[in-house]
Amino acid sequence: MTHPRGAAAPLLSLVLVLAAALSLAGCGGRATTHHKPGTTHEEAGGSSGTLLPARDESGHRLREVPAATAPTVRVEVRPDTEGGWNVHLAVERFRFTPDSTGGAALPGRGHARLLADGRETARLYGAWGYVPPGVRTLTVRLHADDHTVWAVAGAPVQATVRLDGTPAASAPPTTPPSATGTATTAPPTPLPSETGRTVTLTITGKTVQPPPDRIELKKGERLTLRVTGDRADTLHVHGYDRELPLSPGVPATLTLTADRTGLFEVETHDSGLLLTQLVVR
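What follows is the structure, given as structure tokens:
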């Protein structure tokens, strides 16, 4: 049986329509990418900061960023009922991006690494972690997605806490904003003086006023810390190995010359409070 010549045209049109539909369906599938998960095409080739020749203990390059925009980390540890310590990280200007690990170094993203007594033991892709018994000193260091180390003034962005007895938080708990949106107290502002600059800090319980922040200094500049606490304790300037006894209600003063470059934490021994950080360039 033969079909009329005119029937071939509608059949050809139907074939073309079906082919076009299949083509469109293929385009509507999952998009293929040539970059790591969690990043866009624009982000895939992006980077942040400046790579330094320096490396950490594990061989990771340091990635320098300005102190004003650099991420920060504070550590709180609590004893676990089955031994060891539960670790909580409080980060600022930083978020954990496990889906992008191995991708480009994007500002304020990445993961943390735990160093137990100076040896890298684990990674953290969130705010909580665990440290087994026997560790005396824990360091938490922030890394970018490409595994480089975020750094300020040539020093890794990190926080260290001792685990040699009772737990000690390296910073007071973060206070959430009030419902009325009241602004927080301004960070400590170094005041000019005849001998350099002076910073005045007051400790009440687990609270430091002004709240912990970074003090930028030029190498060779003198700094005076004037601290008043409500309990007996000892102030310690890491990296400079300077200590200052604190008596309840009695102002104490420590003056040092910033002759070493890097990022240095100032904290209390017994209460484990982070008072401020010194950035010396």
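So for the sequence shown, the numbering used here puts the first residue at -13; every next one is plus one.
Where is the CB? At the ideal position from N, CA and C, for every residue including glycine.
No experiment lies behind these values; they were computed from the predicted model shown.
What residue from the options has the CA that sits closest to residue i's CA?
i      : options                           : result
Thr286 : Leu230, Val61 and Thr214          : Residue 286 lies beyond the stretch modelled for the chain, which goes from -13 to 267, so this question has no answer here.
Arg79  : Leu232, Thr58 and Val73           : Thr58
Arg217 : Leu209, His255, Lys204 and Glu229 : His255
Pro284 : Thr262, Thr123, Ala91 and Leu100  : This structure cannot speak to residue 284, because the chain is shown only from -13 to 267.
Glu202 : Glu251, Gln195, Val266 and Arg228 : Val266
Ala91  : Ala102, Thr239 and Asp131         : Asp131
Asp219 : Pro234, Gly45 and Tyr226          : Pro234
Asp85  : Val77, Tyr111 and Leu100          : Tyr111
Thr247 : Lys205, Val63 and Arg183          : Lys205
Gly35  : Gly88, Gly120, His129 and Arg64   : His129
Thr210 : Thr239, Gly45, Lys192 and Leu48   : Thr239
Gly94  : Lys192, Ala56 and Arg127          : Ala56
Gly120 : Ile189, Val77, Asp66 and Leu221   : Asp66
Val147 : Ala102, Leu242 and Val77          : Ala102
Leu214 : Asp227, Glu207 and Gly191         : The sequence shown places Thr at residue 214, rather than the Leu named in the question. The residue with the shortest Cα to Cα distance from Thr214 is Gly191.
Leu187 : Glu253, Arg81, Arg228 and Pro142  : Glu253
Arg208 : Gly182, Leu38 and Val194          : Gly182
Ala145 : Thr134, His133 and Arg127         : Arg127
Leu221 : Leu48, Asp245, Ser257 and Gly45   : Ser257
Thr241 : Val223, Phe250 and Gly89          : Val223
So, under 8 Å CB-CB, residue i and residue j are touching, yes? Tell me the CB distance rounded to an integer number of Å.
i      : j      : result
Arg212 : Pro237 : 6 Å
Thr107 : Gly96  : So it is not a contact: roughly 18 Å between Cβ atoms.
Arg122 : Leu149 : 6 Å
Ala98  : Arg109 : 7 Å
Asp42  : Pro142 : 6 Å
Can you give me the start and stop residues for the beta strand (DSSP E) that residue i sits inside?
i      : result
Tyr116 : Trp114 to Val117
Thr102 : The residue asked about is misnamed: residue 102 is Ala in this sequence, not Thr. Taken as a continuous stretch (DSSP letters only), the beta strand (DSSP E) holding Ala102 covers Arg95 to Ala102.
Val135 : Val135 to Val138
Thr247 : Here Thr247 belongs to no beta strand (DSSP E), and DSSP marks it neither H nor E.
His222 : Asp219 to Val223
Thr186 : Gly182 to Thr190
His207 : First, the amino acid is wrong: residue 207 is Glu here, not His. Careful: Glu207 lies outside any beta strand (DSSP E) and carries neither H nor E.
Pro234 : That residue, Pro234, is in no beta strand (DSSP E); it is neither H nor E in DSSP.
Leu124 : Thr123 to His129
Ala108 : Arg105 to Leu110
Ala145 : Gln144 to Arg148
Thr262 : Leu260 to Val266
Thr193 : Thr193 to Gln195
Beta-carbon of residue i versus every beta-carbon of chain D: anything under 9 Å?
i     : result
His46 : No chain D is part of this structure, which consists of one protein chain only.
Length-filtered (4 minimum) alpha helix (DSSP H) runs lying within the stretch 32 to 77: none
When the Cβ atoms of the stretch 67 to 78 are set against those of the stretch 112 to 129, are three or more pairs found closer than 8 Å? yes
contact_flag[the stretch 123 to 142, the stretch 42 to 57] where n(CB pairs < 8 Å) is 3 or more: yes
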